[in-house]
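**Q** Basically this note's numbering = 1-based index in the sequence shown + 171.
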Amino acid sequence: MPAIHLVRHGQASFGLGDYDRLSDHGRVQARAVGGELRRRGVAIGSLVHGELRRQRETAEELLAGYAGAAGPARGPDPVPTVDHRWDEFDHEELLQRLEGRARRRAALVVEVARNRRPAEAFQATLEAALRQWTDAEHDGYGESFLAFAARSRAALDAVVEAPPAEGAAVVVSSAGTISAVCAGILGLPAEGWLALNRVIVNTGITTVVSGRRGLSLVSFNEHGHLQGPGRPGRTTR
172 MPAIHLVRHG
182 QASFGLGDYD
192 RLSDHGRVQA
202 RAVGGELRRR
212 GVAIGSLVHG
222 ELRRQRETAE
232 ELLAGYAGAA
242 GPARGPDPVP
252 TVDHRWDEFD
262 HEELLQRLEG
272 RARRRAALVV
282 EVARNRRPAE
292 AFQATLEAAL
302 RQWTDAEHDG
312 YGESFLAFAA
322 RSRAALDAVV
332 EAPPAEGAAV
342 VVSSAGTISA
352 VCAGILGLPA
362 EGWLALNRVI
372 VNTGITTVVS
382 GRRGLSLVSF
392 NEHGHLQGPG
402 RPGRTTR
């Protein structure tokens, strides 16, 4: 089948009350990745995204950027398909469970905001929560790490097994889910998943192909569409 392009959603609205929506910069990023796919000559045969608002909004902006970019003639835009298995892990639960402390999100936001670099402080706290989640000694989560990894792989398998479309499949998802798919293909342990998850940028493109020998990872986290004259410039995570 043609390639499967996995796209991380655009920048969300960190620190603005409703994280699960794109920032203005995130919308620009999403249109830029759509334009990049058009310039590459990618014919979008199917478009899938999870149930999260930031994923849906990215898919919408991606299609707008694709339609407005110069490139080969295109057919009608695909009707997006929603598959909840492409949703991200529940970061709020992971943060609340960190070291066994019940931490309300509002309290965490205040704590992080006091830091001179709030985004970096939040990432460091989330990294600790993710490490605890992947540790086999900790259980009782609404979704275990192993269940999350299995869900992510099932989502990819559903795309691979879907009736062939005339064009490539584009999936809009999140860093953890895309990293889980890649870690599974590469046979990486949880530590490898953490390393991949740590570096995926907003609207980074990861490409997977399915052949006689199974699934292969062709490229990971491409983000050249964010750099250069007339492009968003700033990469975000």
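Where is the CB? At the ideal position from N, CA and C, for every residue including glycine.
With distances taken Cα to Cα, identify the nearest neighbour of V197 among S350, A241, G375, A321.
**A** Sequence check: residue 197 is Gly here, not Val. With distances taken between Cα atoms, G197 lies closest to G375.
**Q** Which residues in the same chain have their Cβ closer than 6 Å to the Cβ of I356, if we skip the five residues on either side of it in sequence?
**A** Only L386, L388 meet the Cβ criterion.
**Q** Helix, strand or coil: which one does DSSP assign to L359?
**A** It is coil, neither helix nor strand.
**Q** Counting only runs that start and end within the segment 314 to 370, where is the alpha helix (DSSP H) found for 4 or more residues in a row?
**A** For the segment 314 to 370, whole alpha helix (DSSP H) runs of length 4 or above, ordered along the chain, are 316 to 332, 346 to 357, 361 to 370.
**Q** Can you have a look at R211 and say buried or exposed, based on whether 16 or more other CB atoms are within 10 angstroms of its CB?
**A** That one is exposed.
**Q** Over the uninterrupted alpha helix (DSSP H) stretch that includes R227, give me the two end residues.
**A** Residues 224 to 239.
**Q** When the Cα atoms are used, what is the spatial distance from A273 to T305?
**A** In this prediction, A273 scores a pLDDT of 49, lower than 50, which makes its location untrustworthy; no coordinate-derived value is stated.
**Q** Please return the same chain residues whose Cβ sits closer than 8 Å to the Cβ of R192, not counting the five positions on each side in sequence.
**A** Once the five neighbours on either side are set aside, the close Cβ partners of R192 are A183, S184, R224, R225, E228.
**Q** Would you report the Cα separation of V379 and C353, rounded to the nearest angstrom?
**A** Spanning the two alpha carbons is a distance of roughly 9 Å.
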